[in-house]
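Everything below concerns the one structure shown next.
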Ligand SMILES: [Zn+2]
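Residue numbers (this note's numbering): 1027 to 1392.
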């Protein structure tokens, strides 16, 4: 390969059967959604709009709901979408009325709303534990990054990221409940709402979220706003890698994020081992770099690890990826080993400038 960028993008030993289809069986839900909408909305054009709107929302949540929950979630989403259409019409009608009679606008609704929201936020914050609240505020308000927070708290960055994720999930639930100004009708509601809010599919199954959504009006109603939150960046942790201790930190972090993503114990070990090897390479050959661990959702859920360094680079990537080629004097698995442990593996190296390794492990379905 000689000079310049030596590039190797190798999709290593793919697991049997390509599961990269992406969207699960949302299409199979269409007839059911059509029936639900058709029973309530007679205008065919409006009905088709509502069916599509429902599917868009369900697709947006696919990565965060347990597969068994897809159908119940589609049902309550269709109902929510229809309900909000009626509200929309209602609002429209009222506004038309306001245009006709020329009274000065009613007391500023927006101020009232803002006050309600503020009250809801403080009530929701009040429901968090002191430590949760302090960590969240330090992160959101004073912009302390996860690594600095981890040092303050004597935790690993991955554990802090996981805690922040849980805290935000709780905050969203408590906020919506505070806006509703209602205590949930059953003691199952909070666990179900939390599992939805955190996108925790295993937990959704454990608490029977699918069934509960169909039985509980409150949770059915709140499922929409809980699932429609934008993609937040609390699924990514960055670990500077410089000394041996950072290797341990990188390994812990990836374990914690991969656990949250739903990987099995076996996969956790494989992923953590691969990250160890890559981080070890940075310490040994480049002495300065970083490992970024991220939960990804495209085309399906997985863990992506990007390791960058500003070291000497690898002159011949192909050769470095070959078993038996060792610059490590027999220690460790190195690049070929890490490649075999992950589903996707790519190395980009520029001699004299550094190396970037990108590797991904996908969650098996089921
Ligand atoms: Zn409920």
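Note that beta-carbon positions come from the ideal geometry of N, C-alpha and C, so glycine has one too.
With a threshold of 7 angstroms, the Cβ atom of residue 1211 counts as near ligand 1, since some heavy atom of the ligand is closer than that.
In the three-state reduction of the DSSP assignment, residue 1289 falls in the coil class. Between residue 1099 and residue 1087, the CB-CB gap stays under 8 angstroms.
Under the Cβ criterion (8 angstroms, minimum of three pairs), the stretch 1285–1292 does not count as touching the stretch 1302–1310. Pairing residue 1304 with residue 1319 gives a Cβ-Cβ distance that is not under 8 angstroms. Counting C-beta pairs closer than 8 angstroms gives fewer than three between the stretch 1167–1177 and the stretch 1194–1202, which falls short of the contact rule. At least one heavy atom of ligand 1 lies closer than 7 angstroms to the C-beta of residue 1214. When DSSP states are grouped into helix, strand and coil, residue 1272 belongs to the helix group.
Per DSSP, residue 1342 has no beta-bridge partner at all. In the DSSP annotation of this structure, the continuous segment of the beta strand (DSSP E) that includes residue 1265 starts and ends at 1262–1267.
With distances taken between CA atoms, residue 1296 lies nearest to 1368 out of 1368, 1208, 1346. Taking the Cβ of residue 1199 as the reference point, every heavy atom of ligand 1 lies at 7 angstroms or farther away. The DSSP assignment places complete beta strand (DSSP E) segments of no fewer than 3 residues inside the stretch 1289–1322 at 1315–1322, in order along the chain.
For residue 1218, the Cβ falls inside the 7 angstroms cut-off from some heavy atom of ligand 1.
Between the alpha carbons of residue 1207 and residue 1142 lies a gap of roughly 10 angstroms. Residue 1338 and residue 1306 have their alpha carbons spaced roughly 15 angstroms apart. Here the C-alpha atom of residue 1278 lies approximately 12 angstroms from the C-alpha atom of residue 1264. Closest in C-alpha terms to residue 1204, from the list 1065, 1366, 1153, 1347, comes 1153. Taking 7 angstroms as the cut-off, one finds no heavy atom of ligand 1 near enough to the beta carbon of residue 1205. Under the three-state reduction of DSSP, residue 1335 is assigned to strand. Bounds of the alpha helix (DSSP H) holding residue 1203 are 1183–1206. Here the C-alpha atom of residue 1055 lies approximately 32 angstroms from the C-alpha atom of residue 1262. At least one heavy atom of ligand 1 lies less than 7 angstroms from the C-beta of residue 1244. Across the structure, residue 1069 and residue 1082 are spaced so that their CA atoms are roughly 20 angstroms apart. Secondary structure of residue 1161 (DSSP, three-state): helix.
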